[in-house]
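J.: Using our numbering, the letters of the sequence shown correspond one by one to residues 105 to 1024.
Sharing a structure, written as structure tokens. Questions coming.
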Amino acid sequence: MFVLIRKDWRAHLLPLTTIGLALAMLILTPLWAWQWYHSPFLGVLLEPNNVVSQIMHNSWPAATMGIQWSDQLVAINGQKVSNTTQIQNLLSQGNSETSMVTLYRRSMDRRFTWPVLLIYPSLWDLITLFVMPYLVGAVFLGIGLWAYRLRPDFRPTRAFVIFTAAVSLLTTTFLDMNTTHHAVLLWGLSLPLAGASLTYLALVFPQEVRWVRRWPRLPYLALVIGIALAALITRDTLWPPTPWAYIDSWRWGYIFILTGMILLGIFLIGRVLGNSSAMVRQQSRVIIFGATLAFLPIILFYFIPIVFQGKIPEFRAEFLFPPLILLPLSVMYAILRYRLLDVDRWLGRALTYVLTTGAALAAFFVLLTGASLLFQQTIQASDPFIVAAYLLLMVIGLLPLRNLVQRAIDRLFYRSQADYRRVLSHLSNELVTTPNLERTLTLLESELNNALAPEKFIVFLFQDEQQIYLPHATRQQTGQIFRLEDPLPQKLAGRSSPFWLSPERETPPEFANLQRLGYQVFVPLRYEGRLSGFLALGARRSGEPYSSDDLEFLTAVAGQSALALENARLFVNLRRTLDETLEMKSLMDDIFASVATGIITTDVNRKITLFNHAAQDILGVTLLNALGKPLGDALPGTALETIAGNVLQNGTTTHLSELTPHSATRGDLVLRLSASPLKDAYLVTKGATIVFEDLTETRKIEKEREVLRQTFGRVVAPRVRDRLLASAGNLQLDGARATVTMLFADLSGFTSFSETHQAEEVFRVLNTYLDIAAQAILEEEGTLDKFMGDAVMAMWNSPDPQPDHALRACRAALRIVERARAAHSQFSDLDFHRIFRVGVTTGAAIIGNVGTRQLFNYTAIGDTVNMAQRLQASAQPGQIYLHKATYEAAAGSLLATKLDPLTVKGRAQPVEVYLLEGLK
105 MFVLIRKDWR AHLLPLTTIG LALAMLILTP LWAWQWYHSP FLGVLLEPNN VVSQIMHNSW
165 PAATMGIQWS DQLVAINGQK VSNTTQIQNL LSQGNSETSM VTLYRRSMDR RFTWPVLLIY
225 PSLWDLITLF VMPYLVGAVF LGIGLWAYRL RPDFRPTRAF VIFTAAVSLL TTTFLDMNTT
285 HHAVLLWGLS LPLAGASLTY LALVFPQEVR WVRRWPRLPY LALVIGIALA ALITRDTLWP
345 PTPWAYIDSW RWGYIFILTG MILLGIFLIG RVLGNSSAMV RQQSRVIIFG ATLAFLPIIL
405 FYFIPIVFQG KIPEFRAEFL FPPLILLPLS VMYAILRYRL LDVDRWLGRA LTYVLTTGAA
465 LAAFFVLLTG ASLLFQQTIQ ASDPFIVAAY LLLMVIGLLP LRNLVQRAID RLFYRSQADY
525 RRVLSHLSNE LVTTPNLERT LTLLESELNN ALAPEKFIVF LFQDEQQIYL PHATRQQTGQ
585 IFRLEDPLPQ KLAGRSSPFW LSPERETPPE FANLQRLGYQ VFVPLRYEGR LSGFLALGAR
645 RSGEPYSSDD LEFLTAVAGQ SALALENARL FVNLRRTLDE TLEMKSLMDD IFASVATGII
705 TTDVNRKITL FNHAAQDILG VTLLNALGKP LGDALPGTAL ETIAGNVLQN GTTTHLSELT
765 PHSATRGDLV LRLSASPLKD AYLVTKGATI VFEDLTETRK IEKEREVLRQ TFGRVVAPRV
825 RDRLLASAGN LQLDGARATV TMLFADLSGF TSFSETHQAE EVFRVLNTYL DIAAQAILEE
885 EGTLDKFMGD AVMAMWNSPD PQPDHALRAC RAALRIVERA RAAHSQFSDL DFHRIFRVGV
945 TTGAAIIGNV GTRQLFNYTA IGDTVNMAQR LQASAQPGQI YLHKATYEAA AGSLLATKLD
1005 PLTVKGRAQP VEVYLLEGLK
């Protein structure tokens, strides 16, 4: 409680302040009342400004002297008095035999004097003016504190405790307001405080009205009105414009309280007649009943005359205050009824004993009176014959009388109890051991609906395979399931009695979702010491809470139905297992028939028990020739029979990488095989399982691919070869646009060289230089496109992406030129000293396979390719020309000189060219 208050202390400031003031008055007012009781007084009670109160007992002298309410006491024995302190000082000088002359003012211009004999308050005066109101205030505050302790975080609870504390202030300081005036301002401020809190409570309890849900700040309007009235009362009490000004401001306070009473009644009736839940309707009925009994006397005899007659009648505290206790008691009962078990039974029995006691006392006085009339003389209560007759009457009639009163109370206030014994007997006869879950659920739902009428009823039964509790119902459907480790099964596993979630109690966080789903009672179903399931029931349609009798009845129902539900549960689980087994068998048959892997199973005698379709195709043996026959007779060769024998003998799994038996229909086979023991659920070997995969065609394709790889790799670049052979789709005749860097290198003057030398020498020199160029390109992971006579063309960034493709091409170009010069040392003939011209460009090109389906080339086509050839042709021997795009792509790593724009064939505009000199 204190933790909740500390979290939101501002919301609790007003309730705690009001409670503190009420507690202080409970302590101080008895002292002031005792002091007044032992002091003489004028026979009149005085309100603020010494105005005569409307409370005037007939035994007081002033009542017979014509003094009226609203007369103002001005002077005593000629001395002016303006407050109660001055009056007490003068009265303390006299005693009960002292006569004093009092001066009163009936209006602003009319005065009169009355001689008054001082008197002391009687014990009855003290009881009616203080003791009874004080006890009412103590009860009010006690009930409010109890509710506040239970739900300090609940807004209606805070409003309720403010209301009870305000009423406690009104009742405990009632005598002080009429006599000593120590807390008269506090009494006046309690009027708007009680009216505001009562109006607020009418708007939000037991359920918010529709207007509040639309305008959440609407209840605070009552607080604003209360503050305005408090300001008016404070002014008229401390700084009154006239001595009677406080009367009008107090009258507005009475009207405010009356308005709160009327609103409370209207909204409660609206909740009963509206679409509220059964619990809210039931709570509203209880509060309406209590509020009617509490407010009816004060409305009829005090508020209605004030409002409609324009006068304030005498307030008889001894008659008007005690009934008010019924309001907080009804609120407490409405809350407590849904928080604790058997509140109805406790109150019903208490009322039964009270009424029975009253009836017994009445019977005694009737007997005594009848005997006196019969014998024509007064019979004393102690007469032995009367006592004996009364005892005989009690022995004979007390128990029937109590039962009669109990039945009358149950019939009048509570719904008659269901015949639980009949329900249990019917269940015992109908719950046979036939495992019919649907019939059992229907029977349980029907009987529980007749006995308790729950809004929801669902049976959760344990499902063995998934280890969860699944819902079963005939009407309601829910997707809620519970696992073994969930809080609810853990809670129920350790108890045999039902678990009840009170709608008015604070629900533990782990069970909050259950209350949101509409469940209130959970009854464990125990079988052989374990939780086989549980019953889940919602709130009762009548709105009444569950009692301990109801829970005991549910425990008996669970005990009788546990066996039937367990049989039904096992039958359902068995049926589900059988269906799953049949489905699994059908699935396995389909799998064995459709898989490409051969599967053979044998018994311990090596006879074939399973021979799937793939095994027939792989081994070339039909099912008819294999099933039921020994392995050696049905299958080619002896290898499979030998493997099965080893598995059966050793009981271990055998893995063979490859086996090459010979089939009469298919020839030589290549099989990848494994064999393992076939065991049952008790791990007893029942045979052998042989699983094999046909690798015959795979090995043939691999051999053909290797031949193709070796042959194809001699005529294309390795990266192109690997890409083309990776997928058949790569052999399609098509192309795609991509950004590439193209290199075109040509041997300078080789055409004239070939005209003047023998063909053998030309080929030897050409292959030497082309090999140099090819190696330089491959080292930079370039793709060799083609050799064209004495020239070579390569590309980068295709077929695989290369973020630094421009730099790679530049490095390859430098190596081609450098290594060509270094190769001159291999030739003594200076004519064999050749050098490359190189052009490098970067840009978009179409990349793909070009040619026919029988003969094609993986190449690049486009302006970028042509530009590389044009730049190469414009370069001098040993020079490397770079296109602007190539230079910009790798400028951070290159040493290059910008040349004058170059006009090349096929371009109208000059091209920006750089001479590559080296790397940074």
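Think of the CB as a built atom: it goes at the ideal place given N, C-alpha and C, for glycine as much as any other residue.
Suppose contacts are defined by Cβ-Cβ distances below 8 Å. Is Gly292 in contact with Ile337 by that definition?
T.: Cβ distance < 8 Å, so Gly292 and Ile337 count as in contact.
J.: Who are the Cβ neighbours of Met204 in its own chain at under 6 Å, not counting the five residues just before and after it?
T.: Result list for Met204: Ile180, Asn181 and Val220, in chain order.
J.: Taking Cβ to Cβ, would you say Phe1041 is nearer than 8 Å to Leu222?
T.: As displayed, the chain neither begins before 105 nor continues past 1024, which places residue 1041 out of reach and without an answer.
J.: Over the uninterrupted beta strand (DSSP E) stretch that includes Leu975, give me the two end residues.
T.: Per DSSP, Leu975 belongs to no beta strand (DSSP E); it is in the alpha helix (DSSP H), Asp967 to Ser978.
J.: Short check: CB of Phe371 to CB of Leu307, under 8 Å?
T.: Yes, they are a contact pair.
J.: Look up Ala964 in the DSSP assignment and give the residues it is bridged to.
T.: Note: Ala964 sits in a beta bridge opposite Ile951.
J.: Tell me Thr206's beta-bridge partners as DSSP assigns them.
T.: DSSP output for Thr206 lists Ile180 and Trp218 as bridge partner(s).
J.: Report yes or no: do the stretch 268-275 and the stretch 124-134 share at least 3 C-beta pairs separated by less than 8 Å?
T.: At 8 Å Cβ cutoff, the stretches touch.
J.: Taking the straight line between their C-alpha atoms, what separation do you get for Leu505 and Thr460?
T.: For Leu505 and Thr460, the distance between alpha carbons rounds to 7 Å.
J.: Over the uninterrupted alpha helix (DSSP H) stretch that includes Val271, give me the two end residues.
T.: From DSSP, the alpha helix (DSSP H) with Val271 extends over Arg259 to Thr276.
J.: Can you tell me whether DSSP reads Lys783 as helix, strand or coil?
T.: If DSSP states are grouped into helix, strand and coil, Lys783 belongs with the strands.
J.: Got a sec, what are the start and stop residues for the beta strand (DSSP E) Met892 sits in?
T.: Element bounds for Met892: Thr887 to Met892.
J.: What span of residues does the beta strand (DSSP E) with Tyr623 cover, start to end?
T.: Counting along the chain, the beta strand (DSSP E) containing Tyr623 begins and ends at Tyr623 to Tyr631.
J.: Closest by CA to Ala1000, which one among Val1008, Leu1006, Thr1007 and Tyr985?
T.: Of the candidates Val1008, Leu1006, Thr1007 and Tyr985, the one whose C-alpha sits nearest the C-alpha of Ala1000 is Tyr985.
J.: Buried or exposed for Ser690, please, with buried defined as at least 16 other CB atoms from any protein chain shown within 10 angstroms of its CB.
T.: That one is exposed.
J.: What ranges does the alpha helix (DSSP H) occupy inside the stretch 906-954, keeping only unbroken runs of at least 4 residues that lie completely in it?
T.: As far as the stretch 906-954 is concerned, its whole alpha helix (DSSP H) runs of at least 4 residues are 909-926.
J.: Mind checking who Phe564 pairs with in its DSSP beta bridge?
T.: Per DSSP, Pro575 and Phe638.
J.: Please report how far the alpha carbon of Val819 lies from the alpha carbon of Val774, in whole angstroms.
T.: In this predicted model, Val819 has a pLDDT of only 43, less than 50, meaning its place in the structure is not dependable enough to derive any value.
J.: Name the two residues that bound the continuous alpha helix (DSSP H) containing Thr189.
T.: It spans Thr188 to Leu195 - the alpha helix (DSSP H) in which Thr189 sits, taken as one unbroken run.
J.: Work out the CA separation of Leu882 and Val1015 for me, nearest whole Å.
T.: Rounded to whole angstroms, Val1015 to Leu882 spans 29 Å at the Cα level.
J.: Whose CA, out of Ile951, Met897 and Phe867, lies closest to the CA of Gly905?
T.: Looking at the sequence provided, one finds Pro at residue 905 rather than Gly. Looking at the Cα atoms, Ile951 is the closest of the given residues.
J.: Go ahead and label Asp935 buried or exposed: buried means 16 or more other beta carbons lie within 10 angstroms of its beta carbon, across all protein chains shown.
T.: Exposed.
J.: So, at 8 Å on beta carbons, what are the nonlocal neighbours of Leu545 in its own chain, with the 5 sequence-adjacent residues on each side left out?
T.: Val563, His576, Ala577 and Thr578, listed in sequence order.
J.: Applying the 10 Å Cβ sphere with the 16-neighbour rule, what's the burial state of Phe234?
T.: Phe234 should be labelled buried.
J.: Which residue's Cα is closest to the Cα of Thr946: Thr956, Asn953, Ala730 and Tyr991?
T.: Comparing Cα-Cα distances from Thr946 to each of Thr956, Asn953, Ala730 and Tyr991, the minimum goes to Tyr991.
J.: Roughly how many whole angstroms lie between the Cα atoms of Arg253 and Leu678?
T.: Taking the straight line joining both Cα atoms gives about 53 Å.
J.: Closest to Arg710 by C-alpha separation, out of Leu727, Leu888, Leu752 and Pro256, would be which residue?
T.: It is Leu752.
J.: Does DSSP classify Ser652 as helix, strand or coil?
T.: Looking at Ser652 - three-state DSSP - the assignment turns out to be helix.
J.: Closer than 8 Å by C-beta to Ala700: which residues in its own chain qualify, once you throw out the five before and the five after it? Chain order, please.
T.: Around Ala700: Ala718, Glu797 and Asp798.
J.: Where DSSP assigns a beta bridge to Leu1023, which residues make up the other side?
T.: In DSSP, Leu1023 forms a bridge with Leu998.
J.: Work out the CA separation of Val844 and His909 for me, nearest whole Å.
T.: Going from the Cα of His909 to the Cα of Val844 covers about 7 Å.
J.: Can you name the residues that DSSP bridges to Thr706?
T.: Paired residue(s): Ile712 and Ala792.
J.: Quick one: what does DSSP say Met365 is sitting in, helix, strand or coil?
T.: Helix, per DSSP.
J.: Around the Cβ of Arg670, are there at least 16 other Cβ atoms within 10 angstroms (buried) or fewer (exposed)?
T.: Before going further, note that residue 670 is Glu rather than Arg in the sequence given. Result: buried.
J.: State the CB to CB distance for the pair Leu548 and Leu596, rounded to an integer number of angstroms; the pair is presumed to be in contact (CB under 8 Å).
T.: In fact, because the Cβ distance is near 18 Å, the residues do not count as touching under 8 Å.
J.: If the criterion is Cβ atoms closer than 8 Å, does the pair Phe715 and Leu731 meet it?
T.: Cβ atoms of Phe715 and Leu731: closer than 8 Å.
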